[in-house]
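Q: Numbering (our numbering), first residue to last: 53 to 113.
#1: So residue 61 is in the alpha helix (DSSP H); what residue range does that whole segment cover?
#2: Checking the sheet assignment: what are the DSSP bridge partners for residue 93?
#3: Measure the Cβ-Cβ separation of residue 96 and residue 106 and say whether it is below 8 Å.
#4: What distance in whole Å lies between the Cβ atoms of residue 57 and residue 83, which are believed to be in contact at a cut-off of 8 Å?
#5: Indicate whether residue 71 and residue 112 have their beta-carbon atoms separated by less than 8 Å.
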């Protein structure tokens with residue numbers, strides 16, 4: 053895996069069917085001793101298959 057010690061923004065462009073994979077990507081930028089506040093963004097197109105994937109993720113919460 054990658055160690056991303058200087059990264060503090062995560063931009064997700066392709067929603068994953070398993071939300072745990074997205075959570076892991078976000079967690080990789082939040083490290084002990086991190087100096088910056090970490091921020092994540094999830095971008096998707098309305099009316100696309102992405103919305104169905106996100107609905108599936110939300111149903112599992």
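Just so you know, even glycine gets a beta-carbon here, dropped at the ideal spot from N, CA and C.
The model shown is predicted, which means the values in this text are computed figures rather than measured ones.
A: Put simply:
#1: Walking along the chain shown from the start, residue 61 turns up at place 9. From DSSP, residue 61 is part of no alpha helix (DSSP H) but of the beta strand (DSSP E) over 61-64.
#2: In the chain shown, the residue the question calls residue 93 occupies position 41. 63, per the DSSP bridge assignment.
#3: Your numbering for residue 96 matches position 44 in the chain shown. Your numbering for residue 106 matches position 54 in the chain shown. Yes, the pair counts as a contact, with Cβ atoms nearer than the cut-off.
#4: Mapped onto the chain shown, residue 83 falls at position 31. Mapped onto the chain shown, residue 57 falls at position 5. Going by Cβ atoms, the distance from residue 83 to residue 57 rounds to 6 Å, so yes, they are a contact pair.
#5: Residue 71 sits at position 19 when you count from the first residue of the chain shown. Residue 112 sits at position 60 when you count from the first residue of the chain shown. Yes, the pair counts as a contact, with Cβ atoms nearer than the cut-off.
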